[in-house]
Structure formats: C-alpha cells, structure tokens
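What follows is a set of notes on a single structure, which appears directly below.
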Amino acid sequence: MVTQFEASINCIVDVFHNVSLQAGHPHALSRKGLETLIKKEVPELLTDPKNPKTAEDFMKEVDSNKDGMMNFEEFLFWITRLAVDAHDASHKE
Ligand SMILES: [Ca+2]
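Sequential numbering from 106 applies to the sequence shown in our numbering.
Printed below as a string of structure tokens:
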C-alpha cells in the first residue's frame, strides 16, 4: 500500500506532467504552463496567483540553467520554497 507521503511525491510528479505534457514538453514547464499550474494547483498559498507576474518572477528565480523553461529539478526548488513557507505558516497558527 502506498503511504500518504509516497502518494504526495507521486502527486508532485503528476501535477508537473499534467501541465508539461499538455504543452508538448514532457520535461519542462513554460512560463505560461507555470501560470496555468499556479492558478489551478496553488490558488490559496500564493498572494497573487492570477497575476502573470507571479509566474514570471518564480520562473526567473528558479530557472538556474537560463533556458526560459522550468525543468523538473527547478520545479522541485520551487516546491521546496512553497513547502518552507507552508511549514513556517504552520507555526504561526
Ligand atoms: Ca530551466
């Protein structure tokens, strides 16, 4: 039986692929793809999820190989940041 944590890891992969495969880039998200993903998957965690600048800023921040796309490793850096913020928020409640 898959644990909740294992299911969460699989979910991260699925969320990435749901957007990347739709755009025909199985290994990377475009800025537009990231924008779609943010609106659909993290509408509550971010302060301005509908603003295109949100995706643009995150893309600039994590696009370490400067190819204008977010590959899966870069996506994980972004997820790490979201998780750190969520962890911090859990201690403020
Ligand atoms: Ca990149």
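Beta carbons are placed, not taken as given, at the ideal position from N, Cα and C, and that holds for glycine.
From a predicted model like this one, the values you see are computed outputs, not experimental measurements.
Beta-carbon separation (whole angstroms), M175 vs A128, contact threshold 8 Å: The sequence position of residue 175 within the sequence shown is 70, counting from 1. The sequence position of residue 128 within the sequence shown is 23, counting from 1. M175 to A128, Cβ: 11 Å. No contact.
Using C-beta distances below 8 Å, list every residue in its chain close to L181, excluding the 5 sequence neighbours before and after it, in chain order. Here the question's residue 181 lines up with position 76 in the sequence shown. For L181, where only same-chain residues beyond five positions count, the Cβ hits under 8 Å are I117.
Through-space distance from I114 to K165, alpha-carbon basis: The residue labelled residue 165 in the question sits at position 60 within the sequence shown. The residue labelled residue 114 in the question sits at position 9 within the sequence shown. C-alpha separation (whole angstroms): 25 Å.
Shorter than 8 Å, the distance from the beta carbon of A133 to the closest heavy atom of ligand 1, or not? Within the sequence shown, numbered from 1, the residue matching residue 133 stands at position 28. Checking the Cβ of A133 against ligand 1 gives yes.
Pick helix, strand or coil for L181, following the three-state DSSP scheme. Numbered from 1 along the sequence shown, position 76 holds the residue referred to as residue 181. Reduced to three states, the DSSP call for L181 is helix.
Along the chain, where does the alpha helix (DSSP H) that runs through N156 open and close? Reading the sequence shown from its first residue, position 51 is the one you call residue 156. From DSSP, N156 is part of no alpha helix (DSSP H); its letter is neither H nor E.
Looking at the secondary structure, which residues open and close the alpha helix (DSSP H) in which G138 lies? Residue numbering aside, residue 138 sits at position 33 when the sequence shown is read from its first letter. Here the alpha helix (DSSP H) through G138 covers 136-146.
Using 10 angstroms around the beta-carbon of L121, count the other beta-carbons present and answer buried if the total reaches 16, otherwise exposed. Sequence index remark: in the sequence shown, residue 121 carries index 16 (1-based). In the sequence as displayed, the identity of residue 121 is Phe instead of Leu. By the 10 Å Cβ count, F121 comes out buried.
beta-carbon S169 near ligand 1 non-hydrogen atom, thresh 8 Å: As a first step, residue 169 is located in the sequence shown; it is residue number 64 there, counting from the start. Checking every heavy atom of ligand 1 against the Cβ of S169, one is found closer than 8 Å.
In whole angstroms, what separates the C-alpha of K171 from that of P157? Position 66 of the sequence shown, counted from the first residue, corresponds to residue 171. Position 52 of the sequence shown, counted from the first residue, corresponds to residue 157. Taking the straight line from one Cα to the other gives about 19 Å.
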